[in-house]
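Letter by letter, the sequence shown follows residues -35 to -1, 1 to 305 of mature numbering (1 follows the signal peptide of the UniProt record, and there is no 0).
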Amino acid sequence: MASHRRPKPASRTRVTVLTATAAAAVALSSQAANADPKPSTSDVKSQVDSLNQQAETATQQYDGAKAQHDKLQQQVNDLQNKVAREQATLNKLVDSIGTLAASQYRSGGIDPSVQLFLSSNPNDFLDKASTLDQLSGKQADELKQIEEQKRTLDQERTEAATKLAQLDSTQKQLEQKKKDVQDKLSKAQDLLNSLTAQQRASIDQQNRASRDNSRPNLGSSVPASQRAAAALAAAQGVIGSPYVWGATGPTAFDCSGLTSWAYGQAGVSLPRTTWDQANAGTHLTMDQLEPGDLVLFYGDLHHIGLYAGNGMVLHAPHTGADVRYESINNMPFQFGVRVG
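Set out below in structure tokens:
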């Protein structure tokens, strides 16, 4: 008669392993189901465009800090040169008094007033008008001139020290603004690097479709002034030059760098930033624009170009792009500016 044995139960260890494996499989499946989908090409393009705009805003802030830094640096240099000249004048005056004292000594003694001036603390003496009466007219005039020279020198040294402190502050701002631009551009590049070659090619194609690098039909409108015509002609001469943030030409530009350089070629000095250039002349609506007028874009006015005619602008767009024509409708128009 055959025996019927009960099957041996699975060991506790084996059950535990199987349970853990099953749990892990369930967890991985759940994570896969709930994981964020990889951004689409259009999502990445939108994020990159946004970062480029943020970088442009940071670039304008950098440009403003750089202009202020350069202005202060020039003021400091001028003051330091002036201090050096004033010190040289003071030294000559003191030498003149010293020569007078030596002459008096050789002729039989030094005037007590001159002796006191040459002592360790002449300022106390110079403050006493009654003592000055003891000097000859020439000596008194020379000592007064020395005192005035010293006061001027002290004032200029104090002013130079103040400007140097301001210069240090703007240098720190400059470094921070530079970091802000670089951070935005680095994030944009990281996003592009996360795409496949095919996706990047798709974005490039979309970008090409939204612009016109060739000579478009600019219509027959006439610039409002010879300066506007000269500025536009200068900008047209650098089409294809790369956008480089902080650059003002002649071989690379950021947006306000291009407009300020172009008008500079026409003999007109424009401020450095888009925000200051926005107030460089009379504001215009879109239908009032003529070739050569400035055109401001985006609500915070961080982008600027030159109106080229027939609904086209000539501008330096952003990092990775060149100076080019583009439809005015590709960006949110705010207003135009006719430079006076």
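Even glycine gets a Cβ: it sits at the ideal position worked out from N, Cα and C. In this text the structure is predicted, and so the values were computed from the model without any measurement.
Query raised in the report: Could you give the residue range of the beta strand (DSSP E) that holds A273?
Result: For this step, residue 273 is matched to residue 308 along the sequence shown. Here the beta strand (DSSP E) through A273 covers H268 to G274.
Report task. Specify the secondary structure class of Y27 as computed by DSSP and reduced to three states. Result -> The count along the sequence shown starts at 1 and reaches residue 27 at position 62. Helix.
Query raised in the report: Could you give the residue range of the beta strand (DSSP E) that holds T239?
Result: In the sequence shown, counting from the first residue as 1, residue 239 sits at position 274. Segment T239 to Q242 is the alpha helix (DSSP H) holding T239; no beta strand (DSSP E) there.
Query - Reduced DSSP secondary structure (H/G/I, E/B, other) of residue 308 - result: In the structure as shown, the chain starts at -35 and stops at 305, and residue 308 therefore has no counterpart that could be examined.
Requested in this report: Count the other CB atoms, across all protein chains shown, that sit within 10 Å of the CB of Q141; report buried if there are 16 or more and exposed otherwise.
Outcome: Against the sequence shown, residue 141 aligns to sequence position 176. So Q141 counts as exposed.
Query raised in the report: Cα separation between A193 and K109?
Result: In the sequence shown, residue 193 corresponds to position 228, counting from 1. In the sequence shown, residue 109 corresponds to position 144, counting from 1. For A193 and K109, the distance between alpha carbons rounds to 56 angstroms.
Query raised in the report: Using the rule of at least 16 other Cβ atoms within 10 Å of the residue's Cβ for burial, across every protein chain shown, is A130 buried or exposed?
Result: What you label residue 130 is simply residue 165 of the sequence shown in a count that begins at 1. Exposed is the call here.
Requested in this report: Count the other CB atoms, across all protein chains shown, that sit within 10 Å of the CB of K10; report buried if there are 16 or more and exposed otherwise.
Outcome: Position 45 of the sequence shown, counting from 1, holds the residue named residue 10. That one is buried.
Query - Spatial neighbours of Y27 in its chain, beta-carbon cut-off 8 angstroms, leaving aside the 5 residues before and after - result: The sequence position of residue 27 within the sequence shown is 62, counting from 1. Taken in chain order, the residues that qualify are L139, K142, K143, D145, V146, W210 and G211.
**Report entry** Best match in P188, T22, A30 and K152 for proximity to Q272 [C-alpha to C-alpha]
**Finding:** Looking up residue 272 in the sequence shown gives position 307. Note that residue 272 corresponds to Tyr in the displayed sequence, not to Gln. Of the candidates P188, T22, A30 and K152, the one whose C-alpha sits nearest the C-alpha of Y272 is P188.
Report task. Under 8 angstroms Cβ to Cβ from K152, same chain only, skipping five residues before and after it: list those, please. Result -> The residue labelled residue 152 in the question sits at position 187 within the sequence shown. Closer than 8 angstroms at the Cβ level, and outside the excluded window around K152, lie L16.
Query - Three-state secondary structure (DSSP) of T224 - result: Stepping through the sequence shown from its first residue, residue 224 is reached at position 259. The answer is helix: DSSP assigns T224 an H, G or I state.
Query - Extent of the continuous alpha helix (DSSP H) to which Q299 belongs - result: Working through the sequence shown from its first residue, we reach residue 299 at position 334. Premise fails: Q299 lies in the beta strand (DSSP E), F298 to V304, not in any alpha helix (DSSP H).
Query raised in the report: Looking only at C-alpha atoms, which of A231, L254 and G222 sits nearest to Q242?
Result: The sequence position of residue 242 within the sequence shown is 277, counting from 1. Considering only alpha carbons, the answer is G222.
Query raised in the report: For G229, which three-state DSSP category applies?
Result: The residue you call residue 229 lines up with position 264 of the sequence shown. Residue state, collapsed to three classes: helix.
Requested in this report: Would you check if the distance between the CB atom of S206 and the CB atom of V288 is smaller than 8 angstroms?
Outcome: Translated into the one-based positions of the sequence shown, residue 206 becomes position 241. Translated into the one-based positions of the sequence shown, residue 288 becomes position 323. Yes; because the gap between Cβ atoms is below 8 angstroms, this pair is in contact.
Query - Which listed residue (K128, G274 and Q170) has its alpha carbon closest to that of H34 - result: Numbered from its first residue, the sequence shown carries residue 34 at position 69. That would be K128, whose Cα lies nearest to the Cα of H34.
**Report entry** Close-in-space but distant-in-sequence residues of the same chain around Q52 (CB under 7 angstroms, 5 per side omitted)
**Finding:** As a first step, residue 52 is located in the sequence shown; it is residue number 87 there, counting from the start. L118, listed in sequence order.
**Report entry** Minimum C-alpha distance to R180 - residue among E291, A227 and T250
**Finding:** As a first step, residue 180 is located in the sequence shown; it is residue number 215 there, counting from the start. The candidate whose alpha carbon is nearest that of R180 is E291.
Query raised in the report: With a CB to CB cut of under 6 angstroms and the five nearest residues on each side skipped, what residues in its chain are close to M226?
Result: Position 261 of the sequence shown, counted from the start, is the residue given in the question as residue 226. A small correction: the amino acid at residue 226 is Trp; Met does not occupy that position in the sequence shown. Closer than 6 angstroms at the Cβ level, and outside the excluded window around W226, lie T213 and G214.
Query raised in the report: How long is the line joining the alpha carbons of A126 and N56, rounded to whole angstroms?
Result: By one-based count along the sequence shown, residue 126 stands at place 161. By one-based count along the sequence shown, residue 56 stands at place 91. If I take the Cα positions, the gap works out to 22 angstroms.
Requested in this report: Report the three-state DSSP secondary structure of T247 (helix, strand or coil).
Outcome: Counting from 1 along the sequence shown, the entry for residue 247 is found at position 282. Of the three classes helix, strand and coil, the one that applies to T247 here is strand, per DSSP.
Query raised in the report: Are the beta-carbon atoms of L235 and A245 separated by less than 8 angstroms?
Result: Here residue 235 is taken as the residue at index 270 of the sequence shown, counted from 1. Here residue 245 is taken as the residue at index 280 of the sequence shown, counted from 1. In contact: L235 and A245 (Cβ atoms closer than 8 angstroms).
Requested in this report: Starting from the C-beta of A269, find all residues in its chain whose C-beta is less than 8 angstroms away, skip the five residues before and the five after it, and write them out in chain order.
Outcome: Against the sequence shown, residue 269 aligns to sequence position 304. A quick correction: the sequence has Ile, not Ala, at residue 269. Correct list, in chain order: C220, S221, T224, T239, Q242, A243, L259, V260, L261, F262 and H280.
Query - CA-to-CA distance, D106 to D60, given in whole angstroms - result: If you number the sequence shown from 1, residue 60 lands on position 95. If you number the sequence shown from 1, residue 106 lands on position 141. C-alpha separation (whole angstroms): 15 angstroms.
Query raised in the report: In three-state terms, what does DSSP make of S15?
Result: Walking along the sequence shown from the start, residue 15 turns up at place 50. Reduced to three states, the DSSP call for S15 is helix.
Query raised in the report: Which value, in whole angstroms, describes the spacing of the CA atoms of N294 and S185?
Result: Sequence index remark: in the sequence shown, residue 294 carries index 329 (1-based). Sequence index remark: in the sequence shown, residue 185 carries index 220 (1-based). Distance between the alpha carbons of N294 and S185 is about 19 angstroms.
Query raised in the report: If you draw a straight line from the alpha carbon of A217 to that of A30, how long is it in whole angstroms?
Result: In the sequence shown, the residue the question calls residue 217 occupies position 252. In the sequence shown, the residue the question calls residue 30 occupies position 65. The straight-line gap from Cα to Cα measures roughly 20 angstroms.
Query raised in the report: Along the chain, where does the beta strand (DSSP E) that runs through R180 open and close?
Result: Walking along the sequence shown from the start, residue 180 turns up at place 215. Segment: none, R180 is in no beta strand (DSSP E) and carries neither H nor E.
**Report entry** Segment limits, beta strand (DSSP E) that includes residue 308
**Finding:** The shown model of the chain, from -35 to 305, leaves out residue 308, and the question about it has no answer.
Query - Assigned exposure category for R50 - 16 Cβ within 10 Å defines buried - result: Residue numbering aside, residue 50 sits at position 85 when the sequence shown is read from its first letter. Exposed.
Query raised in the report: What are the start and end residues of the alpha helix (DSSP H) that includes L197?
Result: Position 232 of the sequence shown, counted from the first residue, corresponds to residue 197. That run of the alpha helix (DSSP H) goes Q191 to Q201.
Requested in this report: Return the first residue and the last residue of the beta strand (DSSP E) that Y290 is part of.
Outcome: Along the sequence shown, read from residue 1 onward, the residue named residue 290 stands at position 325. Its beta strand (DSSP E) spans residues R289 to S292.
Query raised in the report: Secondary structure at V41, three-state DSSP: helix, strand or coil?
Result: Reading the sequence shown from its first residue, position 76 is the one you call residue 41. It is helical.
**Report entry** Those residues which DSSP pairs with P207 across a bridge
**Finding:** By 1-based counting over the sequence shown, the position of residue 207 is 242. Partner(s): D287.
Query raised in the report: Between which two residues does the beta strand (DSSP E) carrying V187 extend?
Result: One-based indexing of the sequence shown puts residue 187 at position 222. Taken as a continuous stretch (DSSP letters only), V187 belongs to no beta strand (DSSP E), as it is neither H nor E.
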